[in-house]
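Before any comments, here is the structure.
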Amino acid sequence: MATQRLFVVYQMGKVASVSIAETLAAIAGAEVQHCHYLAKNTIEASLTKALNPDFSQETYWHTSRQMLSNLDLHRRIRQIESGMETGVELCLITLAREPLAWARSNLVQNLFEHEAIFRRICTGQGIRIDERGDWLGWAITRTVDNIGRLCAEGGTIVQVARQSPAQIRDCLDCSHDEALVMKRMAGIFRRPHEWFAEEFQQFTGLSLDCLDEIAPQVRFGRMGTGSAYAIRFEDLPVSFDMVMDHLGLGHVRLTRFANVSSEKPGAEAMRKAFAETPYRNAIEAASVTGYTRRFGYDYASCRNQPTTDPRRGV
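Each residue of the sequence shown is one higher than the one before, starting from 9 at the first, in my numbering.
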């Protein structure tokens, strides 16, 4: 029986997954899946989220269907690893991305989920919800500025996200409801920094230290008989092409590479809020972590700190 390839584009959010999946799907005998989580703890957390009656019907539908799909994929990968399913060669491809760009993209991509939160922020401050959508830009700006104010108190974004609602309320001098909202938002900013440890390593059993750097910022490891690759979003399409070369698929090249969030509703307001916040330096300083050092992400406001790996790819 001919060996089938199962590619899993497995990363922390919508990071070029459509472009990569479309390219891989054109390979003869290939099946492609893409997902944001597979670890048991994350699946259980998604179930808890889906059962929360405070979320909208759209959020419930999206969360529950995604959870079931990821549960199916989790089980199938474990069956391949155990030998219960044979004739399948497994390959996981995961991507890192500069964390502030990732957070901005996540907020835009999942605006349907976050919009209710932004409405709560406006309502709490007496801002009128108008049809023109000015309120959304106001709420986005306030949210990013508040993240910056929390970061300005010191510590990394990971430490900021671990603060209690009471600590956040005292720092921002805001209502308890807005403090709860800001804790959730801080968690989004935190996610890229800990995704590899909390999600990727928990599912694959591979830490980033276990992966070999086969080219600048192109990492490879073995999952039993399968393989796993970690590359940077910023290095596409070159990094993806290197993975294909390593797999013996040098004829496969990334066919399309587009920023799918740049034209979505709220994208311009989000870009402006991130670019113009007076707390930009504080947010960047708080975003210097082991994750940014490892993947070579450098911030202009933090260049006195050793954040850049000299092996960093162009």
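For glycine and all other residues, C-beta sits at the position ideal for the given N, C-alpha and C. Keep in mind it's a predicted model, so treat the numbers as computed, not measured.
What does a CB cutoff of less than 6 Å around residue i pick up in its chain, not counting 5 residues either side in sequence?
i, result
"D317", "Below a pLDDT of 50, predicted positions are generally treated as unreliable, and D317, at 30, falls in that range; no measurement from the model is reported."
"A104", "R240, F303"
"F204", "L216"
Within a Cβ cutoff of 8 Å, which residues of the same chain sit near residue i, ignoring the five residues on either side of it in sequence?
i, result
"D185", "R128, G132"
"I196", "A111, N114, L115"
"K57", "F63, T71"
"M231", "E89, L98, L100, T212, G213, L214"
Apart from the five residues on each side of it in sequence, which residues of its chain come closer than 7 Å, Cβ to Cβ, to residue i?
i, result
"N78", "C43, Y45, L46, I51"
"F282", "L108, R112, V152"
"S64", "A124"
"I155", "M193, A194, F197, I291"
Let me check understanding here. Comparing Cα to Cα, which of the options lies closest to residue i?
i, options, result
"D249", "V296, L188, F120, V226", "V226"
"T297", "E106, G229, Y18", "E106"
"G37", "E121, R13, L180, K57", "R13"
"I148", "A33, K280, R157, C218", "K280"
"A33", "R83, R264, W69, D220", "R264"
"L212", "F126, G234, L257, A294", "Note on residue identity: the sequence assigns Thr, not Leu, to residue 212. Residue G234 is the option with its Cα nearest to T212."
"A174", "E93, V189, D142, N118", "V189"
"I222", "P200, E206, E202, M252", "M252"
Grouping DSSP H, G and I as helix and E and B as strand, with all else coil, what is residue i?
i, result
"H246", "What sits at residue 246 in the sequence shown is Val, not His. Three-state DSSP puts V246 in a helix."
"S235", "strand"
"E202", "helix"
"F338", "For residue 338 there is no data in the structure shown, the boundaries of the chain being 9 and 322."
"H42", "strand"
"I35", "coil"
"E207", "helix"
"F15", "strand"
"G274", "coil"
"D220", "strand"
"R157", "helix"
"R170", "coil"
"P314", "With a pLDDT of only 35 at P314, under the threshold of 50, the placement of this residue in the model should not be trusted; the figure read from the coordinates follows. Coil, per DSSP."
Inspect the beta-carbon positions of residue i and residue j and report whether they are closer than 8 Å.
i, j, result
"G158", "A194", "Strictly speaking, residue 158 in this sequence is Leu, with Gly absent from that position. Yes, Cβ-Cβ distance for L158 and A194 is below 8 Å."
"F228", "I101", "no"
"T71", "S90", "no"
"V17", "I35", "no"
"R198", "A236", "no"
"Y299", "H201", "yes"
"E66", "F120", "yes"
For chain C, is any of its Cβ atoms less than 8 Å away from the one on residue i?
i, result
"L55", "The chain inventory of the structure shown lacks chain C, comprising one protein chain alone."
Discussion item. To test your reading of the DSSP string, which unbroken beta strand (DSSP E) runs of 3 or more residues are found completely within the segment 67-146?
Written reply: Entirely contained in the segment 67-146, the beta strand (DSSP E) runs reaching 3 residues are, in chain order, 96-104.
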